Amino acid sequence: MKKRLLFTYLALPLVVALLGILPTSAFAAGVSQELFTVNNTWMLVATFLVFIMHLGFATLESGLTRAKNTTNILFKNTAIVAIGLLTYALCGFNLMYPGDFNGWIGFAGIGLSLPAGDAGLIGYADGNYTYYTDFIFQAMFAATAATIVSGAVAERVKLSSFLVFSTIFVAIVYPIVGSWKWGGGWLDKMGFYDFAGSTLVHGVGGWGALACVLVLGPRIGKFVNGQVRPILGHSMPLATIGVFLLWLGWFGFNGGSVLSADPGAVSLVFVTTSLAAAAGVISSMVTSWMVQKKPDLSMILNGSLAGLVGITAGSDTVTVTSSIIIGLVAGVIVVFSVMFFDKIKIDDPVGALSVHLVCGIWGTLAVGIFSTNPEHKLWIQFVGVIAYGVTCFVAAFGIFLALKVTMGVRVTEQEEMEGLDMHEHGVAAYNGFQITNQ
Amino acid sequence: MKKRLLFTYLALPLVVALLGILPTSAFAAGVSQELFTVNNTWMLVATFLVFIMHLGFATLESGLTRAKNTTNILFKNTAIVAIGLLTYALCGFNLMYPGDFNGWIGFAGIGLSLPAGDAGLIGYADGNYTYYTDFIFQAMFAATAATIVSGAVAERVKLSSFLVFSTIFVAIVYPIVGSWKWGGGWLDKMGFYDFAGSTLVHGVGGWGALACVLVLGPRIGKFVNGQVRPILGHSMPLATIGVFLLWLGWFGFNGGSVLSADPGAVSLVFVTTSLAAAAGVISSMVTSWMVQKKPDLSMILNGSLAGLVGITAGSDTVTVTSSIIIGLVAGVIVVFSVMFFDKIKIDDPVGALSVHLVCGIWGTLAVGIFSTNPEHKLWIQFVGVIAYGVTCFVAAFGIFLALKVTMGVRVTEQEEMEGLDMHEHGVAAYNGFQITNQ
Amino acid sequence: MKKRLLFTYLALPLVVALLGILPTSAFAAGVSQELFTVNNTWMLVATFLVFIMHLGFATLESGLTRAKNTTNILFKNTAIVAIGLLTYALCGFNLMYPGDFNGWIGFAGIGLSLPAGDAGLIGYADGNYTYYTDFIFQAMFAATAATIVSGAVAERVKLSSFLVFSTIFVAIVYPIVGSWKWGGGWLDKMGFYDFAGSTLVHGVGGWGALACVLVLGPRIGKFVNGQVRPILGHSMPLATIGVFLLWLGWFGFNGGSVLSADPGAVSLVFVTTSLAAAAGVISSMVTSWMVQKKPDLSMILNGSLAGLVGITAGSDTVTVTSSIIIGLVAGVIVVFSVMFFDKIKIDDPVGALSVHLVCGIWGTLAVGIFSTNPEHKLWIQFVGVIAYGVTCFVAAFGIFLALKVTMGVRVTEQEEMEGLDMHEHGVAAYNGFQITNQ
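Residue numbers (my numbering), protein chains in the order written: chain R, 858 to 1295; chain E, 858 to 1295; chain H, 858 to 1295.
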């Protein structure tokens, strides 16, 4: 009798097994269909969160620049998403994840290469998500590197040249250097660690931005007779919307980099990410209030981003307390960095260099200082920073210089004075409003 | 000994079965509680994504129209969400999903009809989500059809008449024609395919918009002495925010239409949806740059939406390559379509006809061309397009004409010139800004 | 033979069990790793939804006030998020959830207290999510209470004093009174019910706002010679963006308060939340149209929020029909409440008192009227409302009065007239636009 009851209950998991698990033969060993599905779902949620960062960049950049260049910035940021997604499908994904390769450069071929049979759709390799999920999550990352450049060169770059530059940068430079770590290349083998891209995304974009800004020169009127003249952004609401959307997206940027819905890891990342951003707000507020005597909104907005960029490399591998320290330091760094670039007459309209490049370096080195994993070494982090810095700076400088010589990279003085919106696009961003030509 | 060990391990799934699976007796056969929960969770995520599309429509429409009509547009779009949700609860859901019916029209009764016992809450029919999830996901869709009309009739329609029209349209027309396919009606039985609503949502809204625009006539000043005068939108940042939010929402619109969190299907839909949108941006950019000699922001914004509408009908059933082709074609179509409607003097302030109607038709036919499922036939897709077109156009035309005769559908000339905000609502959208009355 | 086949199939769940379930020994009894993971994932989705409410508050508040104070409002709302998250980590979480305590006040110590071993990361207590998820979800709630105060005191409060006030309020007052119900304190033991915080969040913030507004007094020019002078908000698009983002966030606010991804409960909450908001829009539209003779956009925006606040306390425990009634009543209440506060000369620039305090009371009492759970009693709900009201009002009044005496809480008349942006921050929110100093 008892035995019979036992068999009755046994039937339950059996039925589940027969109906629910049989079709999962293609799932990786040890991952049930259920767990695979929730992991995959979380990765897709992270994907749409990273997508919305592009709106965050578009609104932040346009908010921090002048009304006469707003259409141009919105156009660039919309086009870059499209370029990023398509080139990543065409070649980026297979350059970044080439499989077995020499550790420096490899290419798995043009287009997407869905594994044979149902493996790509059902149980991709030994992962926690499908091939398509893998591609689209990574593709959303790709365009962000080019977008970072966009902010730094705003208000004076020629649209066509910028589109060509960012196509090459996102299609070739970003994925190749990305393969060094995330594709399993030489830096990965050396032990370099960059969880979600303080260097691989923000640093890469930041070094590219630095190169382009040096080739391009400052905006007319920014440095006059050795004096720095502030050029105010036209809409702080837009800038604030941008920062909140970026912060929101970062939950997917860092949270998705766990590459599964693992409860412990993802929730830790949510906490370290949030607290680093919050700490960046507070320390940039205090610093700017003390140094500039006024609490500066654009500084605390950049302070939150500084904290976010800072925690990106180690958000899964530092303690909560460390995350707060990393954010606090980033928030101080960003204020002084903005002042420093002004001082050395490098014109970066939105503070992209300070946020993405400088705090990206800080975040990458911070892994070497704060990681709870003893295998993460400061000197290896330093090697990584240098390797990415040299490569990306040289590549971007070369590409942009070649464009300068051939197509030209800068609008004419008249175009810059009257605004890129009317000259490049023929339509103002705001119609009906009385707007002074700052 | 070995036997004992075996039984020890056997105990594990047994415990899980006893504790975790026993309460799931109401779940559909073959779906574990875990899988049911993740499916249901994904459907609710998709629900809030579709919800945020309403903010996307509100900001896109107001950005592409004049500042003096902004309050009016925001009001309409907020009210429509409320009307859509409530009428769908009252009668729409039971008209659209009447159960067994004659294939043309059926009605399961007033209000929601939660299945008896816990079935509705725990394991709805043989589905992957609860009755309430089913309702709220579908309800979020319902209002979008009416919102599409809103954009086309903007800047001249009388608020009260528009509210009455959209109430009837969303409560009765949309769900009845919807039942023909998604409710299992005659077009479904014939083999017509529309995965997420290129025709059932965008086409329905688009045909309604065409009818209303014809009844209403163009805005004053749009066509003067046979010439087309462009009426510029007042805020490109608002329009861009709108497009990105719509794109974001589309991940739920298409991704949720899988009706489960099935990893292969949902991730494929994410990829086809993203790449079609990206392709629409690129092809509309190239087309508008060549035809209009300037890269037009509003064109690439509409280009991304064109790609999204185009891929909606077949995003689960075409290859990645096909999705890019569908998006590319949609991006070209939308540019020429906008020019065409101008030419034949049909005034559509936001390009709703070109995006939703024309690309909705394209997307529906594209299933017949590109689908990997040989059961999808071009001629049946064509039949579906015609059936929806005739019905929705005639119904909307009739309703709106009846309103014209009774309540009037258009504001007075003075109201239109001075703006609907002051006349209909007594409050401007922007206060403190110097705004010229375009 | 048959037996062998049986064993083959048996092997499947066994393998899953061995590989997938063994590491879950730390999971709560009866919750599989899969279910735990989906529950935890949903809670993190809810967390980022509540996060985005802060952008909703920031844009709603700045949209409904004047352009000259916009930077100030954006600054406050960005800083509050940071302050809320950090103080909640420092002491708030352990004040609100002190574990075993006297029911009135308890403190589990400074900082986060991750359970020993892997329990916090893998299977937190007997819950459905990790310790970190618990913390970050609750932390996102904490700051909202202070943000509600921000709206009511806008356009005249001194930044430094407000930051000090909100730090104390969110770090100490909110968590202590929160512990009375959600921490298992005396009101919880008495049977008081507040599912997601009609009183615990919105009421607490609302009572705080009332106290501060009384200490602060009305804005210059609001009440002149006994007449109420409307002070118009500067941007209805910003206000509308705010309301839609708040509504979006409410899916996480209420949906996450289920504290698991339970399909029946979460989907019911989605439906009641949506329909109450929709009903609030409709009833406030009708009421304002009848009373003010014009359909007022700011009224229907507040109407949707009224419905949302109203349904918050009982969204899991009332029927769908009841949720519509609760929303309808809330939408009527909010219109008359706004008029009432004007009449008694209490100046609340954004209607925060009417939305959060008055409708928070309504929602809390509505549980006593409409709950399907007979243990919910109206008189106990009333006791809860009074207890929170007296405590929060007295506490906020005391803190803010102390600040008035020491630091001062109000900017000078000149600063108020010229705008807080230039005086407090030295930077206008809009540059390049011609803006009149309303």
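Ideal Cβ positions, reconstructed from N, Cα and C, are used throughout, including at glycine. Bear in mind that the values here come from a model prediction, so they are computed numbers and not experimental data.
For the region 1259-1286 of chain H, the set of residues with a beta-carbon nearer than 8 Å to any beta-carbon of chain R comprises E1281, H1282, G1283, V1284, A1285, A1286, in chain order. Using a 10 angstroms sphere on the CB of I909/E, the tally of other CB atoms reaches 16 or more, which defines it as buried. Residue state for Y988/H is assigned as helix, using DSSP reduced to three classes.
In the structure shown, Y945/E adopts helical secondary structure according to DSSP, grouped into three states.
By the Cβ rule, the region 911-930 of chain E does not count as touching the region 959-967 of chain E, because fewer than three pairs are nearer than 8 Å. Contact annotation: the region 1194-1201 of chain H does not touch the region 1234-1254 of chain H, with fewer than three C-beta pairs closer than 8 Å.
Contact between A1253/H and F1019/H is absent: CB atoms are separated by about 12 Å, not below the 8 Å threshold. Think of a sphere of 7 Å around the beta carbon of K1151/E: the chain R residues whose beta carbon falls inside it are H1282, G1283, in chain order. Between the C-alpha atoms of Y986/E and L952/E there is a straight-line separation of about 20 Å.
According to DSSP, residue pairing for I937/R in a beta bridge does not occur. DSSP, read as helix, strand or coil, puts Y1287/R in strand.
Identification of chain E residues near N897/R by a Cβ-Cβ cut-off of 8 Å yields A1118, P1120, V1123, S1124, ordered along the chain. If you ignore the 5 residues before and after P1075/R, its C-beta comes within less than 7 Å of the C-beta of K1202, D1204, all in its own chain and listed in chain order.
Contact of M1093/R with chain H is assigned, a C-beta pair being separated by under 8 Å. Around the Cβ of Q1238/E, a 10 Å sphere holds 16 or more other Cβ atoms; the residue is buried.
No residue range can be given for T1174/E, since it is assigned to no alpha helix (DSSP H) and is classified by DSSP as neither H nor E. Exposed is the label assigned to G1265/E, since fewer than 16 other Cβ atoms lie within 10 Å of its Cβ. If you check the CB distance, G1217/E and V1166/E come in under 8 Å. Using a CB distance cut-off of 8 Å, I1203/E does not count as an interface residue toward chain R.
Residues N1111, G1112, V1115, S1172, D1173 of the same chain have their beta carbon placed closer than 7 Å to that of V1126/H, with the five preceding and five following residues left out of the count.
Sequence-distant partners of V1189/R (beyond 5 residues in either direction) whose C-beta falls short of 8 Å from its own C-beta, in its chain, are S1140, S1141, T1144. Of all residues in the region 1098-1112 of chain E, those with a C-beta nearer than 9 Å to a C-beta of chain R are I1098, V1100, F1101, L1102, W1104, L1105, F1108, G1109, G1112, reading in chain order.
Under the 8 Å Cβ criterion, the region 1053-1070 of chain R counts as touching the region 1027-1040 of chain R, having at least three qualifying pairs. With respect to G1160/R, V1128/R sits apart: the two C-beta atoms are not nearer than 8 Å. With contacts defined as CB atoms closer than 8 Å, T1097/H and T1097/E fail to qualify as a contacting pair.
For the pair N897/E and S1124/H, the CB atoms are nearer than the 8 Å cut-off. Taken in chain order, the complete alpha helix (DSSP H) segments of 4 or more residues contained in the region 1111-1182 of chain R are 1120-1149, 1154-1169.
Between I1181/H and A1122/H, the CB-CB gap reaches or exceeds 8 Å. Residue state for F994/E is assigned as helix, using DSSP reduced to three classes. Closest option to M997/E, judged by alpha-carbon separation, among G1106/E, V895/E, I930/E: G1106/E.
The Cβ atoms of I1183/H and A1134/H do not sit closer than 8 Å to each other.
Within the model, the alpha-carbon separation for R923/E versus G1289/R is close to 7 Å. Contact residues of the region 1201-1235 of chain E toward chain R are absent (C-beta to C-beta distance below 7 Å). Neighbours of I1139/E in chain R, taken as residues whose beta carbon is under 9 Å from its own, are A936, A939, I940, L943 in chain order.
Against chain E, a Cβ distance below 9 Å from S1145/H picks out nothing, because the smallest value is about 10 Å. Taken atom to atom, the span from the alpha-carbon of L901/H to that of L1258/E is near 50 Å.
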